[in-house]
Amino acid sequence: MSTTHEEHSHHEQSFITKYVFSQDHKMIAKQFLITGFLMGFIGMMMSVLFRLQLGWPGESFPILTFLLGENWAPDGVLTPDKYLALVTIHGTIMVFFLLTAGLSGTFSNLLIPLQLGARDMASGFLNMLSYWFFFLSSIIMLISLGVEGGPASAGWTIYPPLSALPQAIPGSGLGMTLWLVSMAIFIVSSLLGSLNYIVTILNLRTKGMKMTRMPLTIWAFLITAILGVLTFPVLLSAALLLIFDRSFETSFYLSDIVVAGTALDFNGGSPILFEHLFWFLGHPEVYIVLLPSLGLTSEIISVNARKPIFGYRAMIGSMLTIAFISIIVWGHHMFVTGMNPFLGAVFTFTTLLVAIPSAVKVFNYLTTLWKGNIRFTPAMLFAVGLISTFISGGLTGLILGDSALDINVHDTYFVVGHFHIVMGLSAVFGMYAGAYHWFPKLFGRMMNHNLGKAHFWLTITSVYGVFLPMHFIGLAGVPRRYYSNSAFPLFDSFIDLNEIVSAFAILAAFAQVLFFINFVYSALRGPKATQNPWDSNTLEWTTPVEHIHGNWPGEIPAVHRWPYDYSKPGAASDFIPQTVPLSEYEKDEGH
Amino acid sequence: MITFLIFLAILLAVTAIVQMLSIYDLTSVIKGRKAFEVTEKENKTQAFLWLIFVPSYFIFILWQYLVWGKYMLPESASVHGEKIDGLFATTWSIIIPVFIITHSLLAYFCFKYVYNKDRKASFFAHNNKLELAWTVIPSLTLATLILYGLKTWNSVMSPIPDEADKVTIELFARQFDWTARYAGEDEKLGRSHFRLIKGFNALGVDSSDANAHDDILVKGEFHLPVNKPVEFVFRSQDVIHSAYMPHFRAQMNCVPGMATLFNFIPRYTTAEMKQKTNNENFDYILLCNKICGAAHYNMQMKIIVESEEDYNKWLSSQKRFLASN
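For the record, the sequence lines run as chains A and B. Each residue of the first sequence is one higher than the one before, counting from 0 in numbering that gives the first Met the number 0. Each residue of the second sequence is one higher than the one before, counting from 0 in numbering that gives the first Met the number 0.
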């Protein structure tokens, strides 16, 4: 093994092969992180802009015209179709570009080789392609903002016929074509990445790294990647059929349509077919977004509570169960589409089952904190924050997953509140936790703690301020994706609450600026990191602070124990790295 | 000018934070403080903040409930809605205690087990009994919820018995309005086809079908008789819409190319509901709840529930389909 490494370190790299078309997993992780955060920043700003309209409908905000132009916001007021465009692209960017590619791309790439003891990913070249396809799809998505008619505006779920007919909404013209092309390329990127993660995890573990000695992060990445490989192709096929309907006049999703006074020739298709195909990915996607964050926080909570994660095997089991069930629950997005009530009953049953492994995870997190010795680094704050959001958002899932209850809250603000908390916030908190925790590994420098703490408390306060009131608004029957609630006297009671939500949204955006400054400053000028700043057991902290190609200067260390030997009785220090052999009287706790 | 000032202010704020960061880093070096270290005092502060945060979070929710809770939907105006509301109440009675208990534990553990260099964490890696307990208890709870949920769902979705006396109404959606079509005396909706949609015949009703002759088309508002089953047929001519009648706990998508069904029995007339909600301006509404285009936010229809007598009077004053030609 050491010979391979010397070959690696001796060959000179140009700027282009080192920083641009890099095949090194650590550089690719940084590329994913930075691209993902930039896209996330754009997505977040969009939400602030449309919250201005929702909080103060019809009021003039010159900043809207300044940022979006006369076409989108004449006289400082967003037009209704561009409001829908912002909502659509906000959702698309957050779900796919920030929380799928940004999250998995960053941490799977960084941690899989480092925590398993591999020199790099199984295929560096595919890995590089994965990033550049992602980059290309991001660029196309951003370009679509500027085309005639505006970007896709049919909601991030792009249900046809709305997404198929430019006569129905201007965004369904060129903007929608670009959306579909961008997503097709995105899916290619995601599949290349996922295949690479799976192969690397199964084949490139160092000596002694049994599956049952892998950190929970790696388990989460493995399950996420498998879920992605199983379901993303279905979205690709859905998108391809939609492209056919739009451009080649097939009728997969369309039938009996009269629009703008003209009867169209589509015959025999069904929009419901699209919904089935879309949600076959769409629901597992929730877990593709969430599982990596759960993995990252499992690790961070254990390290910072100085205590083994409680129920290691139960944690793996619950992730596997969640992933499996998530493939057979998609129909709960379609309870009111007119599908056979018997199917509705089946999907209610499978959906509510997800609560069982989720409950196990929450209780295991809580037990890990119990009698721990907790250090509140910024990463730990976000990890504990994730437990809170996962509980707060997960519990309302019991309402939405129950078909009879869903009838009255379906597509209301209750749903918006629910999924933003359980999947949006939890995934974002996990991602921030990961960024703070592994920053020393990514950039060799430390982030500022105080700014990190301010960032956390401002964020958790303001995002709950944004999403909790939405539950109340939704329970009053206010639908989502309304440009304004002023058309219904019924909703006037919520004018002030909507202002509060918008004010918190603006505050939340400012809080993210703190992170942004901390991130850029620390990457360039932060204090130098030490090799193992958090006294952690896992292998990534045995590599040198300065990145080298091949990760370890000498041989790859062998692994002798599971990663969670924190505060083990009888040991001198409160952590025992995985590389330390088991003493005669010790047993390996992993199994 | 204002834009420039705002830009300047942001620039200054960023510079200030960056400068503070540098000063902090320099003083840390002088004090010999490690960048990754979280001091005992800082840890205690954070633990204390958690202890404050969680109760504040509860209070925040309670405050919203007290101020805006009264604007939640009133008592269900349909018979099946009562069952849905019962299931809702049961579900909340599970959610709220679990929410409070888990969050309280979270805050307490964060506060109680904050770092202390003289203490060692307990090496507690697993415990089969505990893990079994919190697999079995949620499973039993959910089994109850699932059974209760399915029972409610089946009763809500069950069709009106054939022999029952009912009203049949088609709700027809297009960008961006609703039309209601009553079946008329024969209680049968006439055939319709999307190719016949033209000008005055906005629903594409087939005038060669005898059942269509007495159909009644209304816009703006539609009426329902109280305490009589109403069967709705939903259609759309262009994109997916969703007919949402929140007060009746009723919602169904309108999908082009197919007809969907939902039925309910209204319990209270509009006048009764005005009294119940203590609101003179109260009205039942039908609104679109599936993104359908630019004016999605204003696609509505008023619903009036009245005694069967008044309903019949209103209906007979409306034009028949053929007469309206």
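Using N, Cα and C, we set each Cβ at its ideal position, and we do this for glycine too.
Residue i, enclosing beta strand (DSSP E) - first and last residue
| i | result |
| --- | --- |
| Asn252/B | 249–253 |
| Leu581/A | Segment: none, Leu581/A is in no beta strand (DSSP E) and carries neither H nor E. |
| Trp369/A | It is not in any beta strand (DSSP E) - Trp369/A carries neither H nor E in the DSSP assignment. |
| Asn262/B | 259–263 |
| Val229/B | 229–235 |
| Val233/A | That residue, Val233/A, is in no beta strand (DSSP E); its alpha helix (DSSP H) goes 215–246. |
C-beta contact flag for residue i and residue j at 8 Å
| i | j | result |
| --- | --- | --- |
| Lys452/A | Leu380/A | yes |
| Pro307/A | Tyr563/A | yes |
| His417/A | Thr395/A | yes |
| Met208/A | Leu280/A | no |
| Ala201/B | Thr178/B | yes |
| Val500/A | Gly54/A | yes |
| Ala382/A | Glu130/B | no |
| Ser21/A | Met120/A | no |
| Ala124/B | Phe309/A | yes |
| Val238/B | Phe263/B | no |
| Gly591/A | Ser129/A | Nothing in the structure corresponds to residue 591/A, since chain A is present only between 0 and 590. |
| Lys33/B | Val113/B | no |
| Thr542/A | Leu113/A | yes |
| Pro158/B | Asn407/A | no |
DSSP-derived helix/strand/coil call for residue i
| i | result |
| --- | --- |
| Gln299/B | strand |
| Ser8/A | Any answer about Ser8/A is weak, because its pLDDT of 48 lies below 50 and its placement is not dependable; what the coordinates show is given next. Looking at Ser8/A - three-state DSSP - the assignment turns out to be helix. |
| Ala571/A | coil |
| His222/B | strand |
| Asp119/A | coil |
| Cys287/B | strand |
| Leu119/B | Just to set this straight, residue 119/B is Lys in the shown sequence, not Leu. Coil at Lys119/B, not helix or strand. |
| Asp405/A | helix |
| Glu274/A | helix |
| His419/A | helix |
| Ser391/A | helix |
| Tyr243/B | strand |
| Tyr310/B | helix |
| Ser1/A | Residue confidence for Ser1/A is low, a pLDDT of 42 falling below 50, so the modelled location carries little weight; the figure read from the coordinates is stated next. Looking at Ser1/A - three-state DSSP - the assignment turns out to be helix. |
| Ser27/B | helix |
| Ala182/B | coil |
| Ile215/B | strand |
| Trp437/A | helix |
Nearest-angstrom Cβ-Cβ length linking residue i and residue j, presumed shorter than 8 Å
| i | j | result |
| --- | --- | --- |
| Ile390/A | Thr101/B | 5 Å |
| Gln236/B | Phe175/B | About 12 Å; that fails the 8 Å criterion. |
| Gly172/A | Gly148/A | 4 Å |
| Ala510/A | Val47/A | That pair is no contact at about 12 Å. |
| Lys360/A | Leu293/A | 7 Å |
| Ser566/A | Met446/A | Going by Cβ atoms, the distance from Ser566/A to Met446/A rounds to 26 Å, so no, they are not a contact pair. |
| Pro265/B | Ala106/B | Actually they are not in contact, since the Cβ atoms of Pro265/B and Ala106/B sit about 46 Å apart, beyond 8 Å. |
| Ile516/A | Val13/B | 6 Å |
| Val335/A | His409/A | 5 Å |
Start and end residues, alpha helix (DSSP H) containing residue i
| i | result |
| --- | --- |
| Trp178/A | 173–202 |
| Met140/A | 123–142 |
| Phe348/A | 340–352 |
| Leu77/A | From DSSP, Leu77/A is part of no alpha helix (DSSP H); its letter is neither H nor E. |
| Ala106/B | 78–111 |
| Ile459/A | 448–474 |
| Val500/A | 494–524 |
Residues near residue i by beta carbon distance below 8 Å, same chain, minus five either side
| i | result |
| --- | --- |
| Tyr82/A | Phe49, Gln52, Tyr482 |
| Ile92/A | Met38, Gly39, Ile41, Gly42, Met45, Met140 |
| Lys275/B | Pro73, Glu74, Tyr267 |
| Tyr286/A | Thr223, Leu226, Ile321, Ala322, Ser325 |
Same chain, Cβ closer than 6 Å to residue i, neighbours up to 5 away in sequence not counted
| i | result |
| --- | --- |
| Ile5/B | none |
| Trp278/A | Trp329, His332 |
| Val415/A | Met469, Arg479 |
| Leu32/A | Thr105 |
| Val302/A | Trp533, Ser535 |
Own chain partners of residue i with C-beta closer than 7 Å, once the 5 adjacent residues on each side are dropped
| i | result |
| --- | --- |
| Asn531/A | Trp540 |
| Leu295/A | Phe106, Thr216, Gly429, Ala432, Gly433 |
| Leu179/A | Ala238, Leu241, Ile242 |
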